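Each remark here refers to the structure printed beneath this line.
Number of protein chains: 2
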Amino acid sequence: MVKREKDQTTEERILKAAKQVFVRKGMAGARMQDIADEAGINKALVHYYFRNKEKLFGVIFMEAANKLFPKINEIFTAELPLFEKIERFCVEYITVVIENPYLPLFVLNEINQDPEYFLQKVWSGRSRPQPEKFLQQIEREIKKGTIKRISPLQLLLNLISLTIFPFVAKPMFQKNLGLDELQFRSIMEQRKKEIPKFIIDAIKK
Amino acid sequence: MVKREKDQTTEERILKAAKQVFVRKGMAGARMQDIADEAGINKALVHYYFRNKEKLFGVIFMEAANKLFPKINEIFTAELPLFEKIERFCVEYITVVIENPYLPLFVLNEINQDPEYFLQKVWSGRSRPQPEKFLQQIEREIKKGTIKRISPLQLLLNLISLTIFPFVAKPMFQKNLGLDELQFRSIMEQRKKEIPKFIIDAIKK
DNA sequence: ATATAATTTAACCAAATGGTTAACAAAAGT
DNA sequence: ACTTTTGTTAACCATTTGGTTAAATTATAT
Chain A
1 MVKREKDQTT EERILKAAKQ VFVRKGMAGA RMQDIADEAG INKALVHYYF
51 RNKEKLFGVI FMEAANKLFP KINEIFTAEL PLFEKIERFC VEYITVVIEN
101 PYLPLFVLNE INQDPEYFLQ KVWSGRSRPQ PEKFLQQIER EIKKGTIKRI
151 SPLQLLLNLI SLTIFPFVAK PMFQKNLGLD ELQFRSIMEQ RKKEIPKFII
201 DAIKK
Chain B
1001 MVKREKDQTT EERILKAAKQ VFVRKGMAGA RMQDIADEAG INKALVHYYF
1051 RNKEKLFGVI FMEAANKLFP KINEIFTAEL PLFEKIERFC VEYITVVIEN
1101 PYLPLFVLNE INQDPEYFLQ KVWSGRSRPQ PEKFLQQIER EIKKGTIKRI
1151 SPLQLLLNLI SLTIFPFVAK PMFQKNLGLD ELQFRSIMEQ RKKEIPKFII
1201 DAIKK
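The listed protein sequences derive, respectively, from chains A and B. Quick note on numbering: our numbering labels position 37 of the first sequence as 37, and the sequence is numbered without any gaps. Quick note on numbering: our numbering labels position 104 of the second sequence as 1104, and the sequence is numbered without any gaps.
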């Protein structure tokens, strides 16, 4: 009795399996056979649909990148008051990542392995992040005197670090602090409000 | 003309090469041949000194882990006022990592690939982190009224996230913000003072 | 029904890769 | 001097792995 999900096309099954295997083991550690097994099909079928490992990996990587990067850029370019922007970024970002907790480490690791591939593949399609606008907005708030003097770049690093890192270090934190899935999830939920509060307390005058 | 560093034993050359290759490509992506080439020796020599890939990897991984984890624990267990602890943690930790910027991602990634190996190998030697003391210290400060009400665990996550994440995401940040090595380094130097200031501003009453 | 196209599989292949062996060279011990 | 131990190498081996092929099966069209 093979447990094939019904109403799922073969291509979908392969993609689902590939995501599982690639995200868990990385490009180098993933095996085409593992992907085929996970999908419950013959290995040659994987090649039939996606030609080779690199192509299949490209699809999965782009899927992951497209789940993570546009959200960041949205915030950068949105027309919103600074504090509200920070709040919305945390809530929306954590909401996405909480359902895919292993994506950030996967993407960061693959970028690290081959930054050029990343640069070319991820941003050839015009969605190149433009943090300038966000940085300028911070400078404006400083001049207005609504927030303390702080390097806009440092503030940006802080915001992203606080939001993403706990997911990157999820297994470490869980082992170190003895947290099960539910506890971890709950703590991340808390952070949706905790991070904005923390940041705003730090910069508000 | 083979460029062998003088006064370096073969074993040292292998370890240095292995570190380079493992940290850059990860356990799965590293090739014994690459390590031999990087060390400028025959592949069999690598096996002569370290038997197999897993053993050699173990040495490199432990070396990396021992550079990163004890520092964290030191701060947890030290007898210091909270604010001073935070300051010293940032300064000391960034000082270490700035010279080995790729270690955190390497270690986190390998932990992610096999959390059990990590648990057993890294903490079998009694240096298991004990964050309890640090968390209690935070609670005490809250009751004393010197800092705002905040979940001690969240504050701990914030401290570590702010300190480590920029290194984990180094290639991404560099590509995104167009930073060369010197600029990146300089920004990390700034963070030694920026992070404590940011945190203390956020929690001080 | 039957031809045609799309899908799926078992068997196979070549290259890559971790690891071994046997011979050789250098150092150290006697 | 020569024996033994240690270090080093080229050649080799077995397994893994990405990828191919040809045949079989299923779906689609006529």
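The beta carbon of each residue, even a glycine, is placed where N, CA and C say it ideally should be. This structure is a prediction, so every number in the text was calculated from the model and none was measured.
Contact between Leu177(A) and Pro1131(B) holds, with the beta-carbon distance rounding to 7 Å and staying under 8 Å. According to the DSSP assignment, Gln1183(B) belongs to the alpha helix (DSSP H) that extends over 1181 to 1203. Residue state for Ile1041(B) is assigned as coil, using DSSP reduced to three classes. If the five residues before and after Glu141(A) are omitted, its C-beta is found closer than 8 Å to the C-beta atoms of Leu82, Ile147, all from its own chain and listed in chain order. In the three-state reduction of the DSSP assignment, Ile147(A) falls in the strand class, which pools E and B. With a cut-off of 8 Å on Cβ pairs, the segment 1022 to 1039 of chain B is in contact with the segment 1048 to 1068 of chain B, counting three or more such pairs. Looking at Glu11(A), Lys16(A), Gln190(A), the one whose alpha-carbon comes closest to that of Asn100(A) is Lys16(A).
The beta carbon of Ser186(A) sits no closer than 8 Å to any beta carbon of chain B. Within the segment 1086 to 1117 of chain B, those residues whose Cβ lies closer than 8 Å to any Cβ of chain A are, in chain order, Tyr1102, Leu1105, Leu1108, Asn1109, Ile1111, Asn1112, Gln1113, Pro1115. In this structure Gln1154(B) is buried. Its beta-carbon is surrounded by 16 or more other beta-carbon atoms within 10 angstroms. Residue-level contact check: Asp201(A) touches chain B, since one or more beta carbons of chain B fall below 8 Å from its beta carbon. With distances taken between CA atoms, Thr9(A) lies nearest to Tyr49(A) out of Phe184(A), Tyr49(A), Met32(A). Under the 8 Å criterion on CB atoms, Pro166(A) is classed as interfacial with respect to chain B. Among the residues facing chain A, Arg1051(B) is not included, as its CB has no counterpart in that chain under 8 Å away. Restricted to the segment 2 to 89 of chain A, the alpha helix (DSSP H) segments that are unbroken, complete and at least 4 residues in length are 10 to 29, 32 to 39, 43 to 50, 53 to 77, listed in chain order. At a cut-off of 8 Å, the C-beta of Ala78(A) has no neighbouring C-beta in chain B. Going by DSSP, Tyr117(A) is part of the alpha helix (DSSP H) stretching over 115 to 123. Between Phe184(A) and Lys197(A), the CB-CB gap reaches or exceeds 8 Å. In the three-state reduction of the DSSP assignment, Asn1112(B) falls in the helix class. Residues of chain A whose Cβ lies closer than 9 Å to the Cβ of Met1172(B) are, in chain order, Val107, Leu108, Ile111, Asn112, Pro115, Phe118. Ala1039(B) is classed as buried because its beta carbon has at least 16 other beta carbons within 10 Å across all chains shown. Boundaries for Gln130(A): no alpha helix (DSSP H) harbours it, and the DSSP string shows neither H nor E there. For Ala65(A), no CB of chain B lies under 8 Å from its own CB, so it is not counted at the interface with that chain. Taking the Cα positions, Cys1090(B) is about 17 Å away from Pro1152(B). Tyr1093(B) sits in a helix when the DSSP states are folded into three classes. According to the DSSP assignment, Pro1166(B) belongs to the alpha helix (DSSP H) that extends over 1152 to 1168. One Cα belongs to Phe1173(B), the other to Ala18(A), and the distance between them is close to 27 Å.
Under the Cβ criterion of 8 Å, Ala18(A) is not counted among the residues facing chain B. Excluding residues up to 5 positions away in sequence, Glu1038 lie with their Cβ nearer than 7 Å to the Cβ of Gln1020(B) in the same chain. Listed by position along chain A, the residues whose Cβ is nearer than 8 Å to that of Ala1028(B) are Lys25, Gly26, Ala28, Gly29. For Arg149(A), no chain B residue has a C-beta closer than 8 Å to its own C-beta; the minimum C-beta separation is roughly 11 Å.
The three-state reading of DSSP puts Asn1176(B) in helix, counting H, G and I together.
For the pair Lys67(A) and Ile75(A), the CB atoms are not nearer than the 8 Å cut-off. When 9 Å is used as the limit between beta carbons, Phe61(A) is near no residue of chain B, the shortest such separation being about 13 Å. Val97(A) sits close to Phe167(A), with the two beta carbons spaced by under 8 Å.
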